[in-house]
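Quick note, in my numbering, the sequence shown goes up one by one and the last residue is 100.
All C-beta atoms, glycine included, are put in the ideal place defined by N, C-alpha and C.
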Amino acid sequence: MKNLKYLAAICCIVFVAALIPEIAHASLESSLVGIKTKLTGVILPLLSVIGIAIAAISFFTGNPNAKQHIVYAVLGCMFGFGAQAIVDFIAQTVR
């Protein structure tokens, strides 16, 4: 029980230290830019390809809702990549 208290205290100290930029060697802006880059550069294209692949499988298996699945997949890709263009436009306008 005593070791558990020490472990909890150490975890709290590490958590608080990670929130202080000077200790964590990071800034909030660079962290947010990194998250945005990962989301729009890796996750969004991956989800787009998966969505279109699932819609294509639905189409080839003869699902009666296949056309609707394809439309949703294409609209999702358009909104997802369009959102990145809007964010970039706003960022350039603000700077």
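Within the same chain, and ignoring the five residues on either side of A71 in sequence, the residues whose Cβ sits closer than 6 Å to its Cβ are S63, F64. Here H74 has I59, A60, S63, F64, N68 as same chain residues with Cβ atoms under 8 Å from its own Cβ, once five neighbours each way along the sequence are excluded. A Cβ-Cβ distance of about 7 Å is found for the pair G81 and S53, placing them in contact under the 8 Å criterion. When the beta-carbon positions are compared, G46 and A78 stay at least 8 Å from each other.
Excluding sequence positions up to five before and after L49, its CB lies within less than 6 Å of the CB of G85, all in the same chain and listed in chain order.
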